[in-house]
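**Q** In our numbering, the protein residues as written are 1 to 498. Each residue gets a CB set at the ideal place from its N, CA and C atoms; glycine is no exception. All of these numbers come straight from a predicted model, not from anything done at the bench. Right, I'll just put the structure down here and ask away after.
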Amino acid sequence: MSWHTKTIKEISTSLQTKEVSSQELAAYFLQRISGAAELNAFVDLNEEQTMHEAKLADEQLASGNKSLLMGIPLAHKDVFVTKHWKTTAGSKILTNYLSPFDAHVVAELRGAGMVCLGKVNMDEFAMGSTNESSYAGVAKNPWAIDRVPGGSSGGSAIAVAAGLSLAATGTDTGGSIRQPASLCGITGIKPTYGKVSRFGMIAYASSLDQAGPMAKTAEDCAIMLNVMAGHDAKDSTSLDRAKEDYTKNLGKTWSGEAGLPLKGLRVGLPKEYFGDGLSSDVRQAVEAAIEQLKKMGAECVPVTLPKTELSIPVYYVIAPAEASSNLSRFDGVRYGHRADKYDDLLDMYKRSRSEGFGAEVKRRIMIGTYVLSHGYYDAYYLKAQRIRRIIAQDFQNAFESCDIIAGPVAPTVAGKIGEKVSDPTQMYLEDIYTLSPNLAGLPAMSMPCGFGDNQMPVGIQLIGNYFSEAQLLQVAHAYQLETDWHKAQSPFSQKGGL
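Encoded structure:
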């Protein structure tokens with residue numbers, strides 16, 4: 001049985017009917033992981049712990065537990081601290097770090113019965129768009145191993161797209177769930193800022209970071225988000241809102257009446273998202289998806305997000321500024337890498353950080369320290385925060401005439417490994433369509449909508465107003481009921497004997 005081609009809901013049914021056990025599933029996926037080492041998706045495994053969690057899940061299933069996630073295997077991005085697996089955030093400075101506690105997201109999913117297969121690769125401290133800055137080495141796209149999977153949640157996207165896991169956790173600071181989901185042909189959603197606790201998630205930019213699920217389908221993401229989202233008193237940025245059922249609208253028509261599934265839905269198309277920077281192959285796939293939404297009853301309306309082009313300079317002032325503060329805790333004293341030779345305490349700090357941080361992390365720390373320094377704080381950081389407010393208002397103006405906004409996730413399909421390593425600015429420009437929702441704190445998602453050049457996947461981005469995750473997932477689910485793009489298997493997924 002090709003269990004890796006199934007959805008969470010399908011596997012849950014098989015577990016409940018005793019067609020397969022959680023232990024059999026765990027062993028199946030561990031074997032696939034072992035056979036796909038060249039993708040460099042997983043950075044730490046603990047087979048004994050995985051099988052122990054699967055055994056506990058089987059006991060719960062035997063006692064009548066009906067949880068949809070009970071016994072379902074998943075992978076965690078290496079940015080979430082975990083008790084039984086190393087947590088490095090893709091950095092040498094956290095080599096061999098073992099956390100004494102679980103991140104909130106990890107604990108919630110484990111409590112729901114999900115079985116951890118291991119930790120997956122990522123850009124160092126989530127800084128990157130290609131998964132090439134990881135101390136564990138470059139991760140490779142399962143559709144073409146000479147291409148990047150996107151970042152920073154590249155390992156998470158690979159795990160799902162290659163059939164090494166049914167689902168994975170990811171984090172999104174400026175597009176790091178949506179962009180790799182698009183480049184690897186899977187579904188991923190970044191919730192409204194504050195919907196999912198950041199406790200135990202190693203911080204990059206605290207006002208932008210948000211965790212979310214990555215899986216094959218919108219339905220699978222909704223099932224996971226039901227568990228992941230919710231108030232956490234340990235996170236001061238966690239929103240104190242009642243739990244919500246993100247599956248509640250799945251399969252329902254937008255209008256609530258029989259007929260076309262999306263009749264009455266107004267889809268905003270920002271002219272700024274379809275300008276000169278968008279490659280023709282990605283444009284063609286996204287426009288075809290928009291035509292499909294129209295066939296399903298949606299009305300497309302033009303909207304404008306005039307400050308879109310400013311999202312890159314604003315993000316690359318605010319995010320490095322917050323990173324320079326957050327990463328100051330890594331000093332070689334309490335945990336992680338410490339230089340072997342040093343003269344005094346200050347020299348130990350300098351040498352440990354110089355040896356422990358990679359080039360991209362150092363670059364962003366330097367930028368952040370500069371924009372926060374005396375004489376430049378007002379000129380750069382405060383000005384960026386003011387423009388951030390204007391960007392957020394642009395979205396509110398747009399939502400007066402539409403329910404959701406649609407457009408591309410990335411301007412191109414996945415590029416070749418090494419293509420943009422020597423030119424960070426080009427890598428930063430890849431985030432042009434994904435940064436704004438993070439700056440505004442809005443929910444956004446990517447779902448597969450076709451293929452571009454070299455048969456590489458393309459995703460369409462859906463952006464909603466605050467707390468509209470259920471509506472975004474409803475639209476995505478309706479689209480996936482009418483199309484088969486999300487069912488396409490990567491070459492690695494098709495290798496049944498991995």
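When you compare only the Cα positions, how much space is there between A215 and A285?
**A** Mapped onto the sequence shown, residue 215 falls at position 215. Mapped onto the sequence shown, residue 285 falls at position 285. Each residue's alpha carbon lies about 21 Å from the other.
**Q** Which residue marks the beginning of the alpha helix (DSSP H) containing E48, and which one marks its end?
**A** If you number the sequence shown from 1, residue 48 lands on position 48. Run containing E48: E47 to A62, per the alpha helix (DSSP H) assignment.
**Q** Could you check which residue in S22, L61, A75 and W85 has the C-alpha nearest to that of Q49?
**A** The residue you call residue 49 lines up with position 49 of the sequence shown. Answer by Cα proximity: W85.
**Q** Suppose you measure from the CA of L74 to the CA of H374; what does that come to, to the nearest Å?
**A** Working through the sequence shown from its first residue, we reach residue 74 at position 74. Working through the sequence shown from its first residue, we reach residue 374 at position 374. If you take the alpha carbons of L74 and H374, they lie about 46 Å apart.
**Q** Which one of E38, N46, M1 and A37 has the shortest CA to CA distance from L25?
**A** The sequence position of residue 25 within the sequence shown is 25, counting from 1. Of E38, N46, M1 and A37, the residue nearest in Cα terms is M1.
**Q** Just the C-alpha distance for I499 and K190, rounded to the nearest angstrom, thanks.
**A** This structure leaves residue 499 out entirely; the chain is present only between 1 and 498.
**Q** Which class does L94 belong to by DSSP, given the choice of helix, strand or coil?
**A** Your numbering for residue 94 matches position 94 in the sequence shown. Looking at L94 - three-state DSSP - the assignment turns out to be helix.
**Q** For a minimum of 3 consecutive residues, which ranges assigned as the beta strand (DSSP E) are wholly contained in the stretch 234-287?
**A** Counting only runs of 3 or more, we get 266-270.
**Q** According to DSSP, simplified to helix, strand and coil, what is Q489?
**A** Looking up residue 489 in the sequence shown gives position 489. Note: Q489 maps to coil in three-state DSSP.
**Q** Please confirm if the stretch 110-130 is in contact with the stretch 389-408, defined as three or more CB-CB distances below 8 Å between the two stretches.
**A** Touching, no.
**Q** Our contact map puts V120 next to S156 with C-beta atoms below 8 Å; I'd like the distance itself, whole angstroms only.
**A** As a working note, residue 120 is residue 120 in the sequence shown. As a working note, residue 156 is residue 156 in the sequence shown. The pair is a contact, with the Cβ atoms about 5 Å apart (cut-off 8 Å).
**Q** Following the continuous beta strand (DSSP E) through K9, name the residue where it begins and the one where it ends.
**A** As a working note, residue 9 is residue 9 in the sequence shown. Per DSSP, K9 belongs to no beta strand (DSSP E); it is in the alpha helix (DSSP H), I8 to Q16.
**Q** Relative to the C-alpha of Q20, which residue among L429, S34, K487 and H4 is closest?
**A** Within the sequence shown, residue 20 is the residue found at index 20, counting from 1. The residue you asked about is not Gln; residue 20 is Val in the sequence shown. Nearest C-alpha to V20: H4.
**Q** List the endpoints of the continuous beta strand (DSSP E) containing P302.
**A** Numbered from 1 along the sequence shown, position 302 holds the residue referred to as residue 302. Per DSSP, P302 belongs to the beta strand (DSSP E) from E299 to V303.
**Q** Please classify E482 as buried or exposed, where buried requires at least 16 neighbouring CB atoms within 10 angstroms.
**A** Stepping through the sequence shown from its first residue, residue 482 is reached at position 482. Flag for E482 reads exposed.
**Q** Cα-Cα, which of D378, P306, G118 and V160 is closest to Q489?
**A** Residue 489 sits at position 489 when you count from the first residue of the sequence shown. The shortest Cα separation from Q489 among D378, P306, G118 and V160 belongs to V160.
**Q** Quick one: Cα of C116 to Cα of H104, how far?
**A** In the sequence shown, counting from the first residue as 1, residue 116 sits at position 116. In the sequence shown, counting from the first residue as 1, residue 104 sits at position 104. Approximately 14 Å, taken between the alpha carbons.
**Q** Nearest by alpha-carbon distance to A107: which of F199, E355 and C402 is it?
**A** Numbered from its first residue, the sequence shown carries residue 107 at position 107. Ranking the options by Cα distance to A107, first place goes to F199.
**Q** Who are L183's beta bridge partners in DSSP?
**A** Against the sequence shown, residue 183 aligns to sequence position 183. Answer is none; L183 lacks a bridge partner.
**Q** Buried or exposed: R334, going by 16 or more other Cβ atoms within 10 Å of its Cβ?
**A** Position 334 of the sequence shown, counting from 1, holds the residue named residue 334. With fewer than 16 Cβ atoms within 10 Å of its Cβ, R334 is classed as exposed.
**Q** Going by alpha carbons, who is nearest to N40 out of F125, L68, Y97 and S153?
**A** Walking along the sequence shown from the start, residue 40 turns up at place 40. Checked all of F125, L68, Y97 and S153; the closest Cα to N40 is S153.
**Q** Rounded to the nearest angstrom, how far is the Cβ of F357 from that of I93, given a contact under 8 Å?
**A** Taking the first residue of the sequence shown as position 1, residue 357 is located at position 357. Taking the first residue of the sequence shown as position 1, residue 93 is located at position 93. Indeed, because the Cβ distance is near 6 Å, the residues count as touching under 8 Å.
**Q** If distances are taken between C-alpha atoms only, which option among G441, D453 and V409 comes closest to K416?
**A** One-based indexing of the sequence shown puts residue 416 at position 416. Comparing Cα-Cα distances from K416 to each of G441, D453 and V409, the minimum goes to D453.
**Q** Would DSSP call G368 helix, strand or coil?
**A** Residue 368 sits at position 368 when you count from the first residue of the sequence shown. In this structure, G368 counts as helix in the three-state DSSP scheme.
**Q** Around the Cβ of L30, are there at least 16 other Cβ atoms within 10 angstroms (buried) or fewer (exposed)?
**A** Here residue 30 corresponds to residue number 30 of the sequence shown, with the count starting at 1. By the 10 Å Cβ count, L30 comes out buried.
**Q** As a quick exercise: from K195, R147, F492 and S311, pick the residue whose alpha carbon is nearest that of Q393.
**A** The residue given as residue 393 occupies position 393 in the sequence shown. Closest option to Q393, Cα to Cα, is S311.
**Q** In the DSSP assignment, find the unbroken alpha helix (DSSP H) run with Q31 in it and report its ends.
**A** Within the sequence shown, residue 31 is the residue found at index 31, counting from 1. Element bounds for Q31: S22 to G35.
**Q** Who pairs with R147 in a beta bridge, going by DSSP?
**A** Reading the sequence shown from its first residue, position 147 is the one you call residue 147. In the DSSP output, where bridge partners are listed per residue, R147 has K416.
**Q** Name the residue from D403, S12, P320 and P180 whose alpha carbon lies nearest to the alpha carbon of K362.
**A** Start at 1 with the first residue of the sequence shown, and residue 362 comes out as number 362. Of D403, S12, P320 and P180, the residue nearest in Cα terms is P320.
**Q** Mark F125 as exposed unless 16 or more other C-beta atoms lie within 10 angstroms of its C-beta, in which case mark it buried.
**A** Here the question's residue 125 lines up with position 125 in the sequence shown. With 16 or more other Cβ atoms within 10 Å, it is buried.
**Q** For the beta strand (DSSP E) holding F510, just list the boundary residues, first then last.
**A** Beyond the ends of the chain as shown, which are 1 and 498, falls residue 510; an answer cannot be given.
**Q** Under 7 Å Cβ to Cβ from Q60, same chain only, skipping five residues before and after it: list those, please.
**A** Position 60 of the sequence shown, counted from the first residue, corresponds to residue 60. M70 and G113.
**Q** For the candidate residues S63, E469, Q461 and K18, whose alpha-carbon lies nearest to that of F274?
**A** Stepping through the sequence shown from its first residue, residue 274 is reached at position 274. Comparing Cα-Cα distances from F274 to each of S63, E469, Q461 and K18, the minimum goes to Q461.
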